[in-house]
Structure formats: structure tokens, C-alpha cells
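Chemist: My questions all concern the structure below.
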Amino acid sequence: MIKLYGHRFSPPSNKVEMCINLLGLEYEFVFVDLLNGQQRTSDFLSITSFGKVPVLVDGNFKLSESNAIIKYLCKKSKSDLYPSDLEKQAEVDMWCDFIAQHLTMQAYLKVMFNKMVAPRIGIEPDPRSIKEGYEFIAKFLTLIEEKLNKAKYLAGDKITIADISLLATVDPSEMIEVNLKTYPKLTAWRDNLKSQDFYQKVHKFYGESMMAKK
Ligand SMILES: N[C@@H](CCC(=O)N[C@@H](CS)C(=O)NCC(=O)O)C(=O)O
């Protein structure tokens, strides 16, 4: 059985877990206590030198980086969540890269780090970074809203890993006070996916695991 090392505080980790569920794979979830530094222990570093979650262990094969992991799992399962058609696959890659590099790194992560992580580890939040993060969130979500106005899913009429990437990235919206109601298409798309088993098996809502101190 595959093992997923993760933390439900972590959108990339949740992305992989949602994908595993959508593929219907059996897995063992191994909780990594990030807030207490388990990712820096020699035990964990022997699994991944990156010192980050998620990590997939499939037999003797170990893999880091959420996008690499979900593509590997989809290819192994021969799933259309990552289409094999050249152009379709390139379009899914485009959205996955855009979400990872821009919506996640440039936008959500800036606000999440300053509002959620910095106070917990004794770092002074940076108001300029927070402002910039919110501006990028608005800019990128407007662009995504336009896309979802034309198509049911990010890469067309079928769900792909691009949608799972987006779902996990916008998951902490309420926690960082991003009002998704101003994006009606995105809200309807999200409500539909959040009601499904593959999401509900990870958590009922983002932050549930924190309430359970996990
Ligand atoms: N690009 C990576 C990002 C992984 C990442 O940043 N994980 C964070 C949690 S969201 C982590 O493990 N942080 C622990 C640390 O850096 O000490 C991916 O998509 O898998």
C-alpha cells in the first residue's frame, strides 16, 4: 500500500491526498508534525532530503513535490485526471504550473505565512507582503473566474489534476479572509467539489485538523 507523509495544514499535502482519494487508491496517511519540527529530524530527512511534505512512498520508490506525485499516480493508474493527449496534457500542465507558481507562491502563501505561520513561530508579520499577497490573489482569482465562466472545469468539461490543485490552494480562503463569494463561478465549482467524497475524506473544511490539534 502507498504511504503519504503529510499534514492537513499543508495545501500541497492535501492536494495529493485528494488526488489519491479521487483515484480510489488505498493509502496510509503518515502525519508529520511540522509545527514541532519533525521535518528536520534525521528520520524524516532519510525519506526526503527536501525536508518538506508531501512525500509519497510507493514500495522502494520515494517522491517529493506534490505536482510530480499526482502526475506519477495518475500515470500509474492510467487516469484521465492527467490526460495523455498532448495538447490536453499541456493545458493541464499550464494550469498546474500557474497555480503552483503564481496563485500559491506569489499570492496565498504570502498571506498564509504572515497571518498563520509567522505568529506561531515568533516572526513579525510583514504588512507589505500581506498587501501584495491579497492583490495577487484578487488578480489571479479574477482570471480563474473568467475561465470558469466559459468552462465547467479549468481545462475543459472534465475534472483534472488542475482542479485538484486549485481546490487545495484556495482551501484556506476563509482562514485568511479571502471572500470567494465575489467569484460566483469559482464558488459554485468549489462547493460542488467540496461536497464530494474525495475532499470530505481529507477533511470537512480546511482547519478541521487544527481544531483537533493535528
Ligand atoms: N513545492 C512543494 C511545496 C512543499 C512545501 O512547501 N511544504 C511545506 C508545507 S505546505 C513544508 O513541508 N514545510 C516545512 C518546512 O519547510 O520546514 C510541493 O508542492 O510539494
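Heads up, the sequence shown is in the working numbering, so the first residue is 22 and it goes up one at a time. C-beta: ideal position from N, C-alpha, C; glycine also. Being a predicted model, the structure only gives us computed values, none of them experimental.
1. What span of residues does the alpha helix (DSSP H) with R187 cover, start to end?
2. Do S26 and V53 have their C-beta atoms closer together than 9 Å?
3. So the alpha helix (DSSP H) L124 belongs to, where does it begin and stop?
4. Label S239 either buried or exposed according to how many other C-beta atoms from any shown protein chain fall within 10 Å of its C-beta, with 16 as the threshold for buried.
5. What's the gap between the Cα of K215 and the Cα of A159?
6. May I have the straight-line CA-CA distance separating I91 from I182, to the nearest angstrom?
7. Looking only at C-alpha atoms, which of S34, C40, P146, R29 sits nearest to F219?
8. Of all the alpha helix (DSSP H) runs that stay within the bounds of the segment 33-115, which reach a length of 4 or more residues?
9. Can you give me the C-alpha to C-alpha distance between F161 and F119, rounded to a whole angstrom?
10. Measuring alpha carbon to alpha carbon, tell me which residue in N135, K24, I180 is nearest I144.
11. When the Cα atoms are used, what is the spatial distance from I151 to E198?
12. Run through DSSP, which three-state label would G154 get?
Modeler: Based on what the coordinates show:
1. Strictly speaking, residue 187 in this sequence is Leu, with Arg absent from that position. Start and end: 182-191.
2. Reading off the sequence, residue 26 comes out as Tyr, not Ser. Against a cut-off of 9 Å, the Cβ pair of V53 and Y26 comes out as a contact.
3. L124 -> no alpha helix (DSSP H), and no H or E assigned at all.
4. Since the first and last residues shown for the chain are 22 and 235, residue 239 lies out of range.
5. 21 Å
6. 7 Å
7. C40
8. 63-66, 87-97
9. 9 Å
10. N135
11. 12 Å
12. helix
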